[in-house]
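Presented below is the structure to which this report refers.
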Amino acid sequence: MTSIEFLSQLNKLPTPFIQTKEISSILGISKHSAGKYLESLRKENFIEKIERGKWVVKNSNFDPLQAAEFITAPKESYISLQTALFYHGMIDQIPSQIYSVTTDRARVVHAPFASFSFHHCHPNFFSGYKYIKPYLKMATPEKALVDYYYFAPTRSRQFTRLPELEISLKFSWKKVFEFCEMITSKRTRSLVMTKMKEIRDKSVA
């Protein structure tokens, strides 16, 4: 099979995201052979490597935000923090990375088209998102804000200062405090609650 014939097979797949092991199974070839074909296509500029064993077809119609959950699969993730706050129009500053909350381990992944910052949360706190499109779950405005301060106590100091927030009339403080109650750590829950009350009081003043 030539590289072009292999590419035509990839273009028949339902999404542009590719795993080496899936291609091996679909085409009935070894993972080693599938990897060689994929690497050949990468060198010919037809696909891009996201990380080991995970690829995306170039020039395909995909949103870079969709790649986040593909990277953490089979573990789940959803877009949140600064990326979701920007998406919902709550901050004006474009984030330098795509921020995602996941039940997988915390890490940073530098793909050819974007950098992804993954932040681990307790499974009980993994909620408050809506499906936007395949492979893309987006935090609600309320959960994105709570998530931001949920991670504020971490040593990375990535979540200590936000640009000026735009709070819409549809924003639900009731939902905010419901999410706060889901935080298992009493100390973190208290810190986030205090910050949410501070932001709420300032926004309605």
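With the sequence shown counted from 1, adding 933 to any position gets you the working numbering. The beta carbon of each residue, even a glycine, is placed where N, CA and C say it ideally should be. This one's a predicted model, so the numbers in the text were calculated from it and none came from an experiment.
* To do: Determine the direct distance from the alpha carbon of TYR1032 to that of LEU1140, and round the result to whole angstroms.
  => Given a span of 934 to 1138 for the chain in the structure shown, any question on residue 1140 remains unanswerable.
* Tell me SER1123's beta-bridge partners as DSSP assigns them. => Looking at the DSSP assignment, SER1123 forms no beta bridge with any residue, so it has no partner.
* Asked: Candidates TYR1020, GLU977, PHE1003, VAL990: which alpha carbon is nearest LEU946's?
  -> With distances taken between Cα atoms, LEU946 lies closest to VAL990.
* Asked: Should HIS1043 be labelled buried (16 or more other beta-carbon atoms within 10 Å of its own) or exposed?
  -> By the 10 Å Cβ count, HIS1043 comes out exposed.
* Asked: GLN1015 by DSSP, collapsed to three states: which one?
  -> Three-state result, GLN1015: helix.
* To do: Say whether the stretch 1102–1112 touches the stretch 1123–1138, bearing in mind that this needs 3 or more beta-carbon pairs closer than 8 Å, one atom from each stretch.
  => The stretch 1102–1112 is in contact with the stretch 1123–1138.
* For ASN994, which residues of its own chain have a beta-carbon under 8 Å away from its beta-carbon, when the five flanking residues on both sides are left out? -> Result list for ASN994: PRO949, in chain order.
* If you scan the stretch 1048–1113 from start to end, which runs of the alpha helix (DSSP H) of 4 or more residues do you find wholly inside it? -> For the stretch 1048–1113, the continuous alpha helix (DSSP H) assignments of 4+ residues that do not extend past its boundaries occur at 1074–1083, in sequence order.
* With 16 other CB atoms within 10 Å as the buried threshold, where does ILE983 fall? -> Label assigned to ILE983: buried.
* Near LEU940, which residues of its chain fall below 7 Å by C-beta distance, leaving aside the five closest residues on each side in sequence? -> Taken in chain order, the residues that qualify are LEU974, PHE979.
* Where the alpha helix (DSSP H) containing THR1005 begins and where it ends -> Where THR1005 is concerned, the enclosing alpha helix (DSSP H) starts and stops at 1000–1005.
* Which partner residues of GLU981 appear in the DSSP bridge assignment? -> In DSSP, GLU981 forms a bridge with VAL989.
* Asked: Per DSSP, what kind of secondary structure is ILE951 in: helix, strand or coil?
  -> In this structure, DSSP gives ILE951 an extended state, which the three-state scheme calls strand.
* Keeping to the same chain, check which residues put their C-beta closer than 6 Å to that of ILE956; ignore five residues upstream and five downstream. => ALA967.
* At which residues does the beta strand (DSSP E) containing SER1118 begin and terminate? -> Counting along the chain, SER1118 falls outside any beta strand (DSSP E), and DSSP gives it neither H nor E.
* To do: Taking 7 Å as the cut-off, decide whether the C-beta atoms of TYR1020 and TYR1062 are in contact.
  => Between TYR1020 and TYR1062, the C-beta spacing is not below 7 Å.
* To do: Return helix, strand or coil for LYS1031, following the three-state DSSP convention.
  => The amino acid occupying residue 1031 in the given sequence is Ile; Lys does not appear at that position. Under the three-state reduction of DSSP, ILE1031 is assigned to strand.
* Distance, ALA1000 Cα to MET1071 Cα -> Taking the straight line joining both Cα atoms gives about 13 Å.
* Asked: Can you tell me the Cα-Cα spacing of GLU977 and LEU943, whole angstroms?
  -> Put simply, the backbone Cα of GLU977 is about 15 Å away from that of LEU943.
* To do: Look at the alpha carbon of ILE962 and the alpha carbon of GLU972, and state the distance between them as a whole number of angstroms.
  => Distance between the alpha carbons of ILE962 and GLU972: 15 Å.
* Asked: Measuring CB to CB, does THR1117 end up less than 7 Å from HIS1055?
  -> Yes, the pair counts as a contact, with Cβ atoms nearer than the cut-off.
* Mind checking which residues open and close the beta strand (DSSP E) that includes HIS1043? => HIS1043: member of the beta strand (DSSP E) spanning 1040–1043, first to last residue.
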